[in-house]
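**Q** Sharing a structure here in structure tokens format.
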Amino acid sequence: MTKDVVFKAPDDWRGKIITQVRKLIKLADPEVIEDVKWKTPTNPNGVLVWYHDGMLLTGEIYKKHLRLSFAKGPLLKKHDVNGLINSYRAIIITEETKLDEAGFKELIREAVKLNQKGK
């Protein structure tokens, strides 16, 4: 199922990285569904949410960082051989962060597997 998602990324490093993240997620799982939720007056763009047999992760944009929070982060932690996920089940990306693309795509694939197993 495809859904047209309107999401205006910022015109700075955050927009560049969230665009990269969106592409990596789609490469890791071509069947992923992307949506935008929780729009508010203080966050008119809302929060990006990715699904495949349940929620995979959310993408939030802040002034100084991006936060990618995995719905099943505690279960994914053992698959995170590159140490991408912090203790809050999220990947925090700042302007200086070099995202491990291969490791990130593997986490997406593992998150899909967990959802498909019903965990």
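For what it's worth, the numbering used here labels the leading residue of the sequence shown as 84, then goes sequentially.
Note that beta-carbon positions come from the ideal geometry of N, C-alpha and C, so glycine has one too.
(1) Just curious, the alpha helix (DSSP H) that G98 is in, first and last residue?
(2) In chain order, what residues of the same chain have a beta carbon less than 7 Å from the beta carbon of G129, not counting five sequence neighbours either side?
(3) Would you check if the distance between the CB atom of I108 and the CB atom of I191 is smaller than 7 Å?
(4) Looking at I175 and H148, is the spacing between their C-beta atoms short of 7 Å?
(5) For the alpha helix (DSSP H) that V213 lies in, which residues bound it at each end?
(6) Considering G142, what are the terminal residues of the beta strand (DSSP E) in which it resides?
(7) What are the boundary residues of the alpha helix (DSSP H) that includes P157?
(8) Is L151 close to chain C? Criterion is C-beta to C-beta, closer than 7 Å.
(9) According to DSSP, simplified to helix, strand and coil, what is K120?
(10) For T102 versus A111, is the C-beta distance shorter than 7 Å?
(11) Please report how far the alpha carbon of E193 lies from the alpha carbon of E114, in whole angstroms.
(12) If you reduce the DSSP assignment to three classes, tell me which class K181 lands in.
**A** The short version:
(1) W96 to A111
(2) V119, K120, W121 and K122
(3) yes
(4) yes
(5) Any answer about residue 213 is impossible in this case: the structure gives the chain only from 84 up to 202.
(6) M138 to I144
(7) G156 to L159
(8) No chain C is part of this structure, which consists of one protein chain only.
(9) strand
(10) no
(11) 14 Å
(12) coil
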